[in-house]
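Residue numbers (the working numbering): -16 to 190. Below: the structure, in structure tokens.
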């Protein structure tokens, strides 16, 4: 008998929102339900995609170059990791997916939002998240929390405010898929409990 397809959950948000820690906590909870769960990230997830990630974050690229790198990395990631895990009945938790591309890259040229959206769907194919949890936080707070400084974290506060607006726009476009959790004044345990409740309410096999 073919295994029931697994669930694909993505965690999104600006810098310093605690996505990585939340994902580790959620993996433990999901495993406790006797569900196998894989953690991954974007850009990245495979050796090729991780190499492309380094090229993206360590070089000054124009929008089209960034989109090309991200799209190739995503296609590789989906084909070699995500779809394989899901088809084996395992769950996948990803630290970012195509919503981050929409939020970050569309900031460079807002008029190209729809075009960038199409690139995202082409690279992802049929691999659309079952659920996306957006961790919303004032960027002033997030930037203070951020540990790893890359070219995106070094951008202006105005950039990060617009980034937050873009995530809000995405949640308005996809209200059934994207669930917002306001993490202001909440510790990681409280955020984990809220995310756990969202997942429990969404998937019957998780109750």
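In this text, a Cβ means the ideal position worked out from N, Cα and C, and glycines have one as well.
Can you find the residues in the same chain that come closer than 7 Å, C-beta to C-beta, to residue i, ignoring five residues on each side of it along the sequence?
{"i": "residue 29", "result": "59, 60, 63, 64"}
{"i": "residue 123", "result": "140"}
{"i": "residue -16", "result": "In this prediction, residue -16 scores a pLDDT of 46, lower than 50, which makes its location untrustworthy; the coordinate-derived value is nonetheless stated afterwards. Excluding residues within five positions, none has a Cβ falling inside 7 Å."}
{"i": "residue 121", "result": "167"}
{"i": "residue 142", "result": "90"}
{"i": "residue 102", "result": "50, 54"}
{"i": "residue 80", "result": "-7, 25, 112"}
Would the beta-carbon of residue i fall within 7 Å of that of residue j?
{"i": "residue 26", "j": "residue 53", "result": "yes"}
{"i": "residue 162", "j": "residue 116", "result": "yes"}
{"i": "residue 90", "j": "residue 145", "result": "yes"}
{"i": "residue 77", "j": "residue 23", "result": "yes"}
{"i": "residue -9", "j": "residue 75", "result": "yes"}
{"i": "residue 158", "j": "residue -7", "result": "no"}
{"i": "residue 150", "j": "residue 107", "result": "no"}
{"i": "residue 118", "j": "residue 182", "result": "no"}
{"i": "residue 13", "j": "residue 179", "result": "no"}
If residue i and residue j are in contact, beta carbons under 8 Å, what's the gap, nearest whole angstrom?
{"i": "residue 105", "j": "residue 160", "result": "Not quite, the Cβ-Cβ distance comes to about 18 Å (not below 8 Å), so this is no contact."}
{"i": "residue -1", "j": "residue 127", "result": "7 Å"}
{"i": "residue -12", "j": "residue 39", "result": "Not really, about 30 Å apart at Cβ, beyond 8 Å."}
{"i": "residue 189", "j": "residue 16", "result": "6 Å"}
For the beta strand (DSSP E) that contains residue i, what are its first and last residues?
{"i": "residue -4", "result": "-9 to -4"}
{"i": "residue 127", "result": "Looking at the DSSP string, residue 127 is not in any beta strand (DSSP E); the run it does join, the alpha helix (DSSP H), is 122 to 128."}
{"i": "residue 115", "result": "114 to 119"}
{"i": "residue 163", "result": "161 to 165"}
{"i": "residue 77", "result": "74 to 78"}
{"i": "residue 22", "result": "20 to 24"}
Spatial neighbours of residue i within its chain, please: C-beta separation below 6 Å, excluding the five flanking residues on both sides.
{"i": "residue 56", "result": "26, 32, 35"}
{"i": "residue 19", "result": "73"}
Can you tell me whether residue i is buried or exposed, with buried defined as 16 or more other CB within 10 angstroms of its CB?
{"i": "residue -4", "result": "buried"}
{"i": "residue 176", "result": "exposed"}
{"i": "residue 184", "result": "exposed"}
{"i": "residue 83", "result": "buried"}
{"i": "residue 37", "result": "exposed"}
Got a sec? Which residues, its chain only, sit under 8 Å from residue i by beta carbon, not counting five neighbours each side?
{"i": "residue 171", "result": "1, 4, 5, 8"}
{"i": "residue 88", "result": "46, 49, 50, 53, 99"}
For residue i, would you say it is in contact with chain B, using Cβ-to-Cβ distances shorter than 7 Å as the test?
{"i": "residue 161", "result": "Looking for chain B here will not work: only one protein chain is present."}
For residue i, report the span of its alpha helix (DSSP H) as first-last.
{"i": "residue 103", "result": "96 to 107"}
{"i": "residue 40", "result": "30 to 40"}
{"i": "residue 70", "result": "66 to 70"}
{"i": "residue 14", "result": "2 to 15"}
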